[in-house]
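Residue numbers for the sequence shown follow my numbering, so the first one is 38 and each next one is one higher.
These notes concern the structure reproduced below.
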Amino acid sequence: MSIIVTVGVGVAATMAVGYIGRKGWLAFHRAVGITPGKMTYVELTQLPPPPMLQLSLANSQLQGLPIVIMEQLQRIDSKADILQQWRSERIEAGQTPEISEDEFVVSKLLQTRLPELLDSYQQLLRHERRLQQVATGPGPLQGKSSNAKSSQTQLSQQDLSQQQAQALQLVMELLLNIEDRLDGLLQGCQNDALQQLQVMQRYMQQRQD
């Protein structure tokens, strides 16, 4: 009889612990804004853009950009931040790094040309969406007129998609140009640091001699 009571108590305790644990798990997820058992799929292009360290770009300029463009923008932002940190460290060390022509060009591209190009690209996307809504909307014409309208719509959409592809290609070319220039500047910073180490090494060798 005692064995049965002990087993019953153990089962009841296990069920109580499981119940309390489940209630706590549900309460925790509700506290952080998650509804247990419900998952919502969100397109990657609809997610909010990640915060930028150096690039001053508005969400409206980043909205709907392809993933490959967003990844390249993040790389450029990270490299620009590394370059800025490099300059800040040299200034803190008592050095005064001069701004080269390449740095000036990169700064101009990042602060002016890139935002302007993204604004133009977003304007083209908005224009395309509006024209597609007009082209695919219901119209009063039927029969042959409707067939002609459908043909014109297909041609119009094809032209628009080609324009979007050309605009996207221009954005990618500018980003590649900026990233290549940043890579060159960062390589120059590494070369300068290596030269400083070599100078220090020669100085130490001369002191030892």
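For glycine and all other residues, C-beta sits at the position ideal for the given N, C-alpha and C.
Proximity below 8 Å, CB of residue i to CB of residue j
i: Arg201; j: Leu161; result: Here residue 201 is Gln; the residue named in the question, Arg, does not match the sequence. Contact flag set, yes.
i: Leu207; j: Asp139; result: no
i: Leu92; j: Ala117; result: yes
i: Gln212; j: Gln100; result: It is worth fixing the name first, because residue 212 is Leu in this sequence and not Gln. For Leu212 and Gln100, no; Cβs fall outside 8 Å.
Under the three-state DSSP convention, the category residue i falls into
i: Val69; result: With a pLDDT of 49 at Val69, under the threshold of 50, the modelled position of this residue cannot be trusted, and the question is left open.
i: Ile104; result: helix
i: Gln243; result: helix
i: Met237; result: helix
i: Asn228; result: helix
i: Pro152; result: helix
i: Leu110; result: helix
i: Met209; result: helix
i: Ala172; result: helix
i: Ala130; result: coil
i: Leu162; result: helix
i: Leu219; result: helix
i: Ser93; result: coil
Expected contact under 8 Å - CB spacing of residue i and residue j to nearest Å
i: Ile113; j: Glu210; result: Incorrect: roughly 13 Å between the Cβ atoms, too far for contact.
i: Arg218; j: Val105; result: Between Val105 and Arg218 the Cβ distance is about 19 Å, and since that is not below 8 Å, they are no contact.
i: Ala95; j: Tyr158; result: With 8 Å as the limit, Ala95 and Tyr158 do not qualify as a contact, their Cβ atoms being about 13 Å apart.
Contacts around residue i, its chain only, beta-carbon distance under 6 Å, and the 5 residues preceding and following it disregarded
i: Leu155; result: Gln98
i: Met237; result: none
Other residues of its chain near residue i: CB distance less than 8 Å, five sequence neighbours each side excluded
i: Ile128; result: Pro134
i: Asn214; result: Leu146
i: Trp123; result: Leu223, Cys226
i: Ile119; result: Leu223
Close Cβ partners of residue i (< 7 Å) along its chain, the five nearest in sequence each way excluded
i: Met89; result: Asp114
Distance cut-off 7 Å: residue i Cβ against heavy atoms of the ligand GTP
i: Leu207; result: This structure lacks the ligand GTP; in fact it carries no ligand of any kind.
Residue range of the alpha helix (DSSP H) that includes residue i
i: Gln98; result: 96-99
i: Glu140; result: 138-145
CB contact below 8 Å: residue i versus chain C
i: Asp139; result: Absent here is chain C; the protein component of the structure consists of one chain.
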